[in-house]
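Chemist:
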DNA sequence: TTTAAAATTTGAACAATGTTCATTTAATTT
DNA sequence: AAATTAAATGAACATTGTTCAAATTTTAAA
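Protein chains in written order, with my numbering: chain A, 470 to 674; chain B, 470 to 674.
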């Protein structure tokens with residue numbers, strides 16, 4: 470099995486190399502500006518090879534999308550160590566916003582792109598597991614806040630979705646340059662200031 | 470001047486015809502799926518003609534983008550007749566969400582697309598006037614809420630941006646199919662339910 | 001009315017992109 | 001060493017946005 474094993478490993482490595490090259494170019498030049506030829510050049514392989522390892526461009530997007538969730542999900546789960554749920558809720562938001570600022574293209578891919586979702590549809594309702602897991606960290610935290618008397622009269626799921634929406638909305642408007650567009654000063658400052666306002670809103674009993 | 474006038478009118482009409490055809494196809498098939506050739510076919514003109522009237526595809530997007538804001542802005546300004554600012558704030562949100570649900574492609578173009586914003590950049594910081602005007606309706610309303618004792622300890626601009634973010638975030642997650650993705654039941658129901666949760670949050674003094 | 005000039009429309013042609021697949025090259029097995 | 005299998009290649013295709021010289025139509029002039 471040694472050769473077979475080695476081959477399998479090599480295949481995995483090339484696959485990873487393609488992903489790595491793709492991610493580098495995505496981050497450097499944006500997703501739409503990155504062509505398959507670019508990726509092939511970047512890793513010194515031919516276009517055809519890329520297609521041996523990935524069905525199409527969307528597959529690459531989908532894979533990176535999953536990697537992005539691994540990272541964000543990891544950062545979120547660390548926060549489960551924050552005991553106070555309301556404090557944790559604020560921290561989750563801050564980490565989320567920070568992730569979007571530091572990895573705008575990745576964020577875009579994960580939450581704004583149509584492509585990877587269409588991919589999911591094709592695979593007969595395969596689950597958006599990474600996304601769900603991340604959302605559940607939030608939902609659990611909101612639930613614990615409610616147990617402490619916050620959010621009286623609210624419904625768990627719609628409220629959790631609302632909270633996600635707020636932070637996501639900020640990040641999207643930031644990434645898609647709408648903060649500049651309405652003259653709200655330095656975009657990054659406004660982004661974090663707005664999150665603080667939101668935390669204030671949430672803290673009202 | 471009769472002939473010159475007529476010609477000018479005809480030019481305007483053809484321009485409008487192109488936009489109308491483009492919008493129809495956008496709504497029918499989505500923006501990315503609509504090609505210049507499609508638009509030309511739709512109105513029975515050649516590709517070249519489209520390029521006589523519009524510099525490139527982005528120009529068409531930008532024009533439709535402006536039309537979208539005319540519509541949304543109009544709907545918002547009607548709400549200025551609602552005397553109670555907090556009530557108006559809720560109504561603004563509802564109208565906004567309704568707009569997004571009824572015109573998802575238009576909404577996407579206005580708030581999520583990169584293209585029209587790049588267009589703005591090129592034209593040397595031309596103002597996003599329609600967008601600003603719409604945001605100002607919100608800001609003014611928030612200001613009036615504050616005058617009534619709501620949002621004590623909050624800052625006007627970041628808070629207004631936060632509110633916009635929440636509603637925008639919901640709409641974007643809806644349009645980009647992320648509500649389905651986390652199994653939150655019927656997307657449209659969740660969207661409106663979440664907005665009601667948000668209104669509850671805002672009403673806390 | 002006829003002809004010249006100007007304006008408008010056209011669609012073939014180009015470059016860039018995602019994608020495919022017959023062919024070539026390399027690796028493995030006999 | 002030869003035959004077989006696996007992997008990699010890049011030329012070629014279809015589809016896009018875009019351009020522009022040529023054809024057509026409209027207007028103005030003779």
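We put the beta carbon where it would ideally sit given N, CA and C, even for glycine.
1) To be precise: take each residue of the stretch 628-645 of chain B, compare its Cβ to all Cβ atoms of chain A, and keep it if any distance is under 8 angstroms. Which residues remain?
2) When the distance is taken between beta carbons, is residue 533(A) closer than 9 angstroms to residue 671(B)?
3) In angstroms, rounded to a whole number, what distance separates the CA positions of residue 629(B) and residue 659(A)?
4) Could you say if the stretch 552-560 of chain B and the stretch 606-617 of chain B meet the contact criterion of at least three C-beta pairs nearer than 8 angstroms?
5) Would you mind working out which of 567(B), 519(B), 609(B) and 502(B) sits nearest residue 552(B), comparing C-alpha positions?
6) I want to verify the contact list: residues of chain A whose CB lies under 7 angstroms from the CB of residue 562(B), in sequence order.
7) Please state whether DSSP places residue 545(B) in a helix, a strand or coil.
8) Secondary structure at residue 515(A), three-state DSSP: helix, strand or coil?
9) Nearest-angstrom Cα distance between residue 643(A) and residue 636(A)?
10) Which residue's Cα is closest to the Cα of residue 535(B): 651(B), 649(B), 550(B) and 580(B)?
11) Using a Cβ-Cβ cut-off of 9 angstroms, state whether residue 667(B) counts as contacting chain A.
12) May I ask which residues mark the beginning and end of the alpha helix (DSSP H) holding residue 664(B)?
13) Residue 471(B): buried (16+ other C-beta within 10 angstroms of its C-beta) or exposed?
14) Which runs of the alpha helix (DSSP H) fall wholly inside the stretch 518-579 of chain A and span at least 4 residues, in chain order?
15) Is residue 647(A) close to chain B, meaning its C-beta is less than 9 angstroms from at least one C-beta of that chain?
16) For residue 647(A), report the span of its alpha helix (DSSP H) as first-last.
17) Which first and last residues belong to the alpha helix (DSSP H) in which residue 613(A) is found?
18) By the criterion of Cβ-Cβ separation under 8 angstroms, what are the contact partners of residue 581(B) in chain A?
19) Once you ignore the five residues that flank residue 649(A) on each side, which residues in its own chain have a CB closer than 8 angstroms to its CB?
20) Could you give the DSSP three-state label for residue 624(B): helix, strand or coil?
21) Taking only beta-carbon atoms, is residue 606(B) less than 9 angstroms away from chain A?
22) Of the choices 639(B), 570(B) and 484(B), whose alpha-carbon is the least far from that of residue 634(A)?
23) Determine the contact status of residue 537(A) and residue 575(A), defining contact as a CB-CB distance below 9 angstroms.
24) Could you tell me the alpha carbon to alpha carbon distance between residue 523(B) and residue 545(A), rounded to whole angstroms?
25) Quick one, are the C-beta atoms of residue 529(A) and residue 488(A) less than 9 angstroms apart?
26) Would you mind telling me which residues of chain B sit closer than 7 angstroms to residue 653(A), beta carbon to beta carbon, in chain order?
27) Can you give the Cα-Cα distance for residue 475(B) and residue 495(A), rounded to whole angstroms?
28) In whole angstroms, what is the alpha-carbon distance linking residue 517(B) and residue 511(B)?
29) Is residue 635(A) helix, strand or coil by DSSP?
Modeler: In brief:
1) Answer set for the stretch 628-645 of chain B: 628, 630, 631, 633, 634, 635, 636, 637, 638, 639, 641, 642 and 645.
2) Inclusion of residue 671(B) and residue 533(A) in the CB contact set at 9 angstroms is not warranted, their separation being larger than that value.
3) Between residue 629(B) and residue 659(A), the C-alpha separation is close to 11 angstroms.
4) These segments touch.
5) Among 567(B), 519(B), 609(B) and 502(B), the Cα nearest to that of residue 552(B) belongs to 609(B).
6) The premise fails here: residue 562(B) is roughly 11 angstroms from chain A at the closest Cβ pair, so nothing lies under 7 angstroms.
7) In this structure, residue 545(B) counts as helix in the three-state DSSP scheme.
8) Of the three classes helix, strand and coil, the one that applies to residue 515(A) here is coil, per DSSP.
9) Going from the Cα of residue 643(A) to the Cα of residue 636(A) covers about 11 angstroms.
10) Closest option to residue 535(B), Cα to Cα, is 580(B).
11) Chain A contact via Cβ: present.
12) Here the alpha helix (DSSP H) through residue 664(B) covers 656-672.
13) With fewer than 16 other Cβ atoms within 10 Å, it is exposed.
14) DSSP runs (the alpha helix (DSSP H)) wholly in the stretch 518-579 of chain A: 526-547 and 554-571.
15) Chain B contact via Cβ: present.
16) Counting along the chain, the alpha helix (DSSP H) containing residue 647(A) begins and ends at 647-650.
17) Note, residue 613(A): alpha helix (DSSP H), 598-616.
18) In chain order: 581, 641 and 645.
19) Taking residue 649(A) as the centre and dropping the five residues before and after it, the same chain places the C-beta of 656 closer than 8 angstroms to its C-beta, in chain order.
20) Look at residue 624(B) here: in three-state DSSP terms it is coil, with no helix or strand label.
21) The C-beta of residue 606(B) comes no closer than 9 angstroms to any C-beta of chain A.
22) Considering only alpha carbons, the answer is 639(B).
23) Taking 9 angstroms as the cut-off, the beta carbon of residue 537(A) is found closer than this to the beta carbon of residue 575(A).
24) The straight-line gap from Cα to Cα measures roughly 47 angstroms.
25) Going by beta carbons, residue 529(A) and residue 488(A) fall inside the 9 angstroms limit.
26) Simply 626 and 630.
27) Cα to Cα, the separation comes out at about 50 angstroms.
28) Distance between the alpha carbons of residue 517(B) and residue 511(B) is about 14 angstroms.
29) Three-state result, residue 635(A): helix.
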